[in-house]
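A short write-up of the structure that comes next.
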Amino acid sequence: MGKMVLWSGAALGAMVLAASTAQAQEAPTAATIKAADARAAATVKAMKPEEKTILTHGIMPMDLGMGNVVIPKDAVPGAGYIAGIDRLGVPALKETDASLGVSYVMGLRKDGATALPSGVLQAATWNPEILYNGGAMIGGEARAKGFNVLLAGGVNLMRDPRNGRTFEYLSEDPLLSGMLVGAAIRGIQSNHIISTIKHFALNGQETGRKYVDIKISEAAAKESDLLAFKIGIEQGQPLSVMCAYNRVGGQNACSNDFLLNKVLKKDWGWKGFVMSDWGAVPGVEAAINGLDQQSGAELDKGLFFADKLADKAKADPKWAARLDNMNQRVLTAIYAAGIDKFPAKGGEKIDFAAHAKVAEETAKQGIVLLKNEGGVLPLMKTAKSIAVIGGYADGGVLSGGGSSQVQGEGGAVYSIPLSGTGVWAGLIGQNYHRSSPLKAITAQAPQAKVTYRDGRYITDAVEKAKQAEVAVVFVTQFTTEGLDVPDLHLPQGQDELIAAVAAANPNTIVVLETGGPVVMPWLPKVKAVVEAWYPGARGGEAIASVLFGDTNPSGRLPITFPASTDQLPRPKLDGSDWVEPNFAGDPTSGSDILHADYDIEGSDVGYRWFARKGQKALFPFGYGLSYTSFQSSGLSVKGLTATFTVKNTGQRDGDEVAQLYLTTRNGEVKQRLVGFARVSLKAGESKPVSLTIDPRLLADWKNGLWTSPKGTYSFALGKDAETLGEKVSITLPAKSWKE
Ligand code: BGC
2 MGKMVLWSGA
12 ALGAMVLAAS
22 TAQAQEAPTA
32 ATIKAADARA
42 AATVKAMKPE
52 EKTILTHGIM
62 PMDLGMGNVV
72 IPKDAVPGAG
82 YIAGIDRLGV
92 PALKETDASL
102 GVSYVMGLRK
112 DGATALPSGV
122 LQAATWNPEI
132 LYNGGAMIGG
142 EARAKGFNVL
152 LAGGVNLMRD
162 PRNGRTFEYL
172 SEDPLLSGML
182 VGAAIRGIQS
192 NHIISTIKHF
202 ALNGQETGRK
212 YVDIKISEAA
222 AKESDLLAFK
232 IGIEQGQPLS
242 VMCAYNRVGG
252 QNACSNDFLL
262 NKVLKKDWGW
272 KGFVMSDWGA
282 VPGVEAAING
292 LDQQSGAELD
302 KGLFFADKLA
312 DKAKADPKWA
322 ARLDNMNQRV
332 LTAIYAAGID
342 KFPAKGGEKI
352 DFAAHAKVAE
362 ETAKQGIVLL
372 KNEGGVLPLM
382 KTAKSIAVIG
392 GYADGGVLSG
402 GGSSQVQGEG
412 GAVYSIPLSG
422 TGVWAGLIGQ
432 NYHRSSPLKA
442 ITAQAPQAKV
452 TYRDGRYITD
462 AVEKAKQAEV
472 AVVFVTQFTT
482 EGLDVPDLHL
492 PQGQDELIAA
502 VAAANPNTIV
512 VLETGGPVVM
522 PWLPKVKAVV
532 EAWYPGARGG
542 EAIASVLFGD
552 TNPSGRLPIT
562 FPASTDQLPR
572 PKLDGSDWVE
582 PNFAGDPTSG
592 SDILHADYDI
602 EGSDVGYRWF
612 ARKGQKALFP
622 FGYGLSYTSF
632 QSSGLSVKGL
642 TATFTVKNTG
652 QRDGDEVAQL
662 YLTTRNGEVK
672 QRLVGFARVS
682 LKAGESKPVS
692 LTIDPRLLAD
702 WKNGLWTSPK
712 GTYSFALGKD
722 AETLGEKVSI
732 TLPAKSWKE
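Just so we're aligned, residue 2 is where the sequence shown starts under the numbering used here, counting upward by one.
Shown next as structure tokens:
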């Protein structure tokens, strides 16, 4: 992506971070990594044979009652621990989840952290700067708690809106996802800590997650999911890659010669280390296939990367060389991050009030206004009566479940178990952050009579809705790592609740707190819809700010909302009819076989699939309303540079997200987002925008090269992926080049 027009709130972010991250430095660059690599080689030479498997395996330093793990004294309870080598001054690795903040792990450490909004909300900002700020903030908290590795950087493309981890990821588009994850990683790694990028690769569903086998051609993978990783790596220089649970082309992603050795290390020349996902290592041969470190080894069927690996290295020079290279890579990451020279000591005080502002600003930029009939929003601060209904809005805002769950100090305001009593049951509870939309709404409209009903009984909710000028219905869709959703309807009768309230009150506004897309059978009956996703530590305040117009909504959908699952490449999610819900994702018998065919859509994920099929979405990728209006004009494309002007044609200040799409190539439909910029504009103001197009987005992957044919390339600015402006066509010569 080209020149960014800076977000007007950047100064706030910088101020907050300067106060909180005393250790902040320039994140590692390619040059830092090169220097670290040379230093790592010297350390490997100095290692004794018995030291060579210390850095290649780790444990989960928490007592889950799973047996014989000895937790070292210097470990910080969290996701992972890899012992250091004192003699050589190599520090232990202390790892915590994840992309949304320092995870709470069922209250294990009994300390809270600042919860950023969900990944999909972060992506809805289309603002790399805000992801950098969030990354710097959560990296600072990880460091303050004594961690030096953050298991962040979730960037799997959203190939299916039913994926239970949609909330953790960013988008369905490789450019948007790659640019944003790169910015977040840069922010995280500005704290002398290592960030991962994950889950490499094609980890598109949770159903049968440890054995689902993904079929996809090399070309389609390179033009989609792998491109998101590649752009993320270029932008963010993550020092670690976490490989995924699933299989690709019949091989476990964590023991996959093609993905790890060929693509990541050889073709891309990436110098960091590959850590496994927890419980994703099939055996010792994963080392030869490119895995450098076995994480949380007690979750695997064996401790493969200790004595077994040492024995192999003793017996075979090929294995000995590989073992040296594994050490070299882990050490490169340690030195490049500087975690030996700037150790994370832990026990530091965190300025939660300042960090909450980062979470709140993110939420304000990523909440998406989907419908606003008759300008019912923003609400008047002089409103007389408001009925707030449902969604636990009296107490807080929902967050997603699984290893990425973050809670503030004191834990959740409401914690509702899903079900189950196993080790992982505590990780998949429905938890609400202490940020009450009801209180925030009441504060915005001090003269109003604000009533609340929990929405369990429709008659009662309808009664209150009838008595108020406006009804605001909060609805939730809890999603979690480990479990996909079976369909896109709101659960537990909430669709019926909305329809009944809308029939009782003509000014019904729906606030969605969902993991990802949902269908909206009640849409024509309500006046306004606000997609608040999982809005994080200050979500209640951010929602109220949007509802009452202190914040002019500027989020844009980073994922297509389909009208129905029939429009998806796979109307039935593979395995959804026979795989029993199971957080770990283990097969019930060794013979469970599950395939997902990603060649159906190939690299045409999300809006590209919709364009190819000529389908109309419920709400398209890139869509989002504002309280003002914008016009983009004067598109000119010269070579790989596009210029145009964006104007705020309305009455309020606001931010527009300019989107540039390739629409056709030599007359064939080939829709691809090729550039974007968030532009802040005062009422009436215009600004010029210039974008540089990444040539990979115009090309195909063919016979080991990026290849773009000679011919006519047509581009258009889009309000969203379906609402495109006038086409501008240029002729480009044929070109092909290596990664
Ligand atoms: C998840 C990873 C996470 C790891 C450690 C796994 O279940 O897939 O994203 O980093 O656990 O908690």
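Where a beta carbon is used, it is the ideal one built from N, C-alpha and C, also for glycine.
Listed in chain order, the beta strand (DSSP E) elements of length 3 or more contained wholly in the segment 179-240 are 195-201, 213-216. C-alpha of F201 to C-alpha of V121: approximately 18 Å in a straight line.
Around the Cβ of Y82, a 10 Å sphere holds 16 or more other Cβ atoms; the residue is buried. It is roughly 23 Å from the alpha-carbon of P582 to the alpha-carbon of D567. The Cβ neighbour count for L574, taken over all protein chains shown within 10 Å, is at least 16; the residue is labelled buried.
Comparing C-alpha distances from V282 to each of K272, A298, N508, G270 shows the shortest one belongs to A298. Here Q478 is bridged, per DSSP, to T515. Nearest in C-alpha terms to E470, of all of K263, V502, G348, is V502.
Restricted to the segment 407-479, the alpha helix (DSSP H) segments that are unbroken, complete and at least 4 residues in length are 438-445, 459-468, listed in chain order. Counting C-beta pairs with one atom in each stretch, the segment 644-664 and the segment 109-119 have fewer than three that are closer than 8 Å, which means they do not touch. Burial check for S590: the Cβ neighbour count within 10 Å stays below 16, so the residue is exposed.
If only complete runs of 3 or more residues are kept, the segment 369-406 shows the beta strand (DSSP E) at 369-373, 386-390, 398-400, in order along the chain. Rounded to the nearest whole angstrom, the CA to CA distance from V331 to D293 is 8 Å. Boundaries cannot be given for F620, as no beta strand (DSSP E) includes it and DSSP labels it neither H nor E.
For E52, the three-state secondary structure derived from DSSP is helix.
Under the Cβ criterion (8 Å, minimum of three pairs), the segment 173-186 counts as touching the segment 156-163.
Proximity of the beta carbon of D598 to the ligand BGC is not indicated: no heavy atom of the ligand is located closer than 8 Å.
Per the C-alpha coordinates, the member of K313, K385, P518 positioned closest to Q448 is K385. Leaving aside the five residues that flank W127 on each side, the residues in its chain whose CB is nearer than 6 Å to its CB run, in chain order, R557, V658, F677, R679.
Around the Cβ of G537, a 10 Å sphere holds 16 or more other Cβ atoms; the residue is buried.
Put simply, the backbone Cα of A360 is about 35 Å away from that of K266. DSSP places L699 in the helix class (H, G or I) of the three-state scheme. Annotation for W707: the continuous beta strand (DSSP E) segment containing it runs 706-709. If only complete runs of 4 or more residues are kept, the segment 564-642 shows the alpha helix (DSSP H) at 608-614, in order along the chain. Taken through DSSP and simplified to helix, strand or coil, Q294 comes out as strand. The closest CA to that of N373, considering only T509, G348, R697, M327, is found on T509. Taking C-beta separations shorter than 6 Å and ignoring five residues to either side along the sequence, the partners of D721 in its chain run P621, G623, Y624, following chain order. For F562, the pairing in a beta bridge is given by DSSP as F620. By the CB criterion at 9 Å, G183 and P129 fall inside the cutoff. V407 is the residue among V407, P62, V91, Y535 whose C-alpha sits nearest the C-alpha of I139. Checking the 8 Å criterion, the Cβ of M159 is out of range of every heavy atom belonging to the ligand BGC.
With fewer than 16 other Cβ atoms inside 10 Å of its own Cβ, V670 counts as exposed. Around E740, the same chain offers D268, W269 as residues with beta carbons nearer than 7 Å, after the five sequence neighbours per side are excluded.
Here A446 is actually not in contact with I390; their C-beta atoms are around 16 Å apart, not less than 8 Å. Take the alpha-carbon of W320 and the one of I289: they are about 7 Å apart.
M243 is bridged by DSSP to K199, M276.
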